[in-house]
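2 protein chains.
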Amino acid sequence: MGVTKTDLFTDQQNELAKIAKVFAHPARIAILEYLIQANSCINGDLVQELGLAQATISQHLRELKEIGLIKGSIEGVSVNYCIDPIRWAEVQNLFQDLFSGFPKISGCC
Amino acid sequence: MGVTKTDLFTDQQNELAKIAKVFAHPARIAILEYLIQANSCINGDLVQELGLAQATISQHLRELKEIGLIKGSIEGVSVNYCIDPIRWAEVQNLFQDLFSGFPKISGCC
DNA sequence: TTATTACATCGCAATATTACGATAAATTGG
DNA sequence: CCAATTTATCGTAATATTGCGATGTAATAA
C-alpha cells in the first residue's frame, strides 16, 4: 500500500527515519557538501554546480530546510542558504547514538 | 521523472545516499535496534515484535542485507540475522566523515 | 511603471517504495 | 515419503519520490 505504518514505531524511530530520508538522495548530499566547503552560504547557483533544473534544486533545498538542517535568509533578490550548526549537531548525535549502541567488540557473526 | 540522475554525482555521494535510504524507514531502524540489544542474533520473530507481515519483514531484511549491514546464517529451518560489525563501522565512518566536515564553530547563520 | 532577476510552487509523467497475500523452496519431524 | 514450519520471492495495489516546464511572487533596476 505504499504508506509507512508509523504508528507501529516509536517517535524516535520515525524521526530518525525521516531525517535519513533527507540524506537519501545524492543531490541533497552534494548540496550539504557544497555548503560545508563554501562556508559562506550560497543560493541557487547550485543549479550551475549540480546540473539539475532550478525547480528541482529548490525542491531539494526545501526538504533540507523542512528538517531544519539548513536555513535561508533573503539577501536582496536572492536567498542565502547555510547549515544550521545547532540542528547539524543534533542530527549528528541522533546517528551517533544509533551507531554507538552497537558494541564494536561483539563475537556474534 | 522519478529516476535519480546518479551520473551527476560522485560515487561517494551516491553510495552514502544509498545507505541513507536503507535507514530511511522506521521498520529498518527498529530491526537494527532490536539486533543491537538482542546481541544474540534473531530471525523473523521480528514479525511478532514489529507487527508487520512476514513478507514485509523479509523485504526489509533483504534491504539491510543488500548493503551489508546485516548477515543471515541458516540455523535449521530458520535464519539467524545479525549485524556485521565491520560494515557497521564502515557505515558509521561514512556518516561521521560527512558530519565532521562541518566545523562546529562557524559564524555563518 | 516595466523589465529583469532569483526563487518558490504547481502540476504532471516516470519511476520507486511499501505492504501484503499467495506461493515457492528448504528443512525438520514423523 | 508426507506434513509442518520458516523464510524468500512474486505479483499487485496504494502511495511516495524525482525531475522539470510553466507559472507565480518578490525585490531590484531603469
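Residue numbers (full-length UniProt numbering), protein chains in the order written: chain A, 1 to 109; chain B, 1 to 109.
Glycine included, every Cβ here is placed at the ideal spot set by N, Cα and C.
- Runs of alpha helix (DSSP H) with 4 or more residues, each lying fully within the UniProt domain "HTH arsR-type" (8–106) of chain A, are found at 11–23, 26–37, 46–50, 54–66 and 85–100, listed in chain order.
- A contact between stretches requires three or more CB pairs, one per stretch, nearer than 8 Å, and the segment 81–88 of chain A meets this requirement with the segment 30–38 of chain A.
- Look at Thr6(A) here: in three-state DSSP terms it is helix.
- Looking at Phe95(A), Arg62(A) and Leu94(A), the one whose alpha-carbon comes closest to that of Val79(A) is Arg62(A).
- With 16 or more neighbouring CB atoms inside 10 Å of its own CB, Ile19(B) falls in the buried class.
- Straight-line spacing of the CA atoms in Ala24(A) and Leu52(B) works out to 23 Å.
- The contact set of His25(A) on chain B, defined by CB atoms closer than 7 Å, consists of Thr4 and Ala17 in chain order.
- Contact of Lys104(B) with chain A is assigned, a C-beta pair being separated by under 8 Å.
- The distance from the Cβ of Leu64(B) to that of Val3(B) is about 24 Å, inconsistent with a contact at the 8 Å cut-off.
- The residues Leu16, in chain order, have a CB closer than 8 Å to that of Leu98(A) in the same chain once the five nearest residues on each side in sequence are set aside.
- Around the Cβ of Ala55(A), a 10 Å sphere holds fewer than 16 other Cβ atoms; the residue is exposed.
- Contact annotation, Pro26(B) with Gln13(A): C-beta distance approximately 4 Å; criterion of less than 8 Å satisfied.
- Inter-residue distance for Val77(A) and His60(A) is about 20 Å (C-alpha atoms, whole angstroms).
- Take the alpha-carbon of Lys71(A) and the one of Val91(B): they are about 27 Å apart.
- The Cβ atoms of Ile57(A) and Gly101(B) lie no closer than 8 Å to each other.
- Cβ contact annotation for Glu75(B) (same chain, cutoff 8 Å, sequence separation greater than five): Asn43, in chain order.
- Between Leu46(B) and Leu8(A) the beta-carbon gap is near 11 Å, outside 8 Å, which marks them as no contact.
- In this structure Ala89(B) is in contact with Lys104(A), their Cβ atoms being roughly 7 Å apart against a cut-off of 8 Å.
- Gly51(A) belongs to the set of residues whose beta carbon lies under 8 Å from a beta carbon in chain B.
- Taking C-alpha positions only, Leu69(B) is separated from Thr10(A) by approximately 22 Å.
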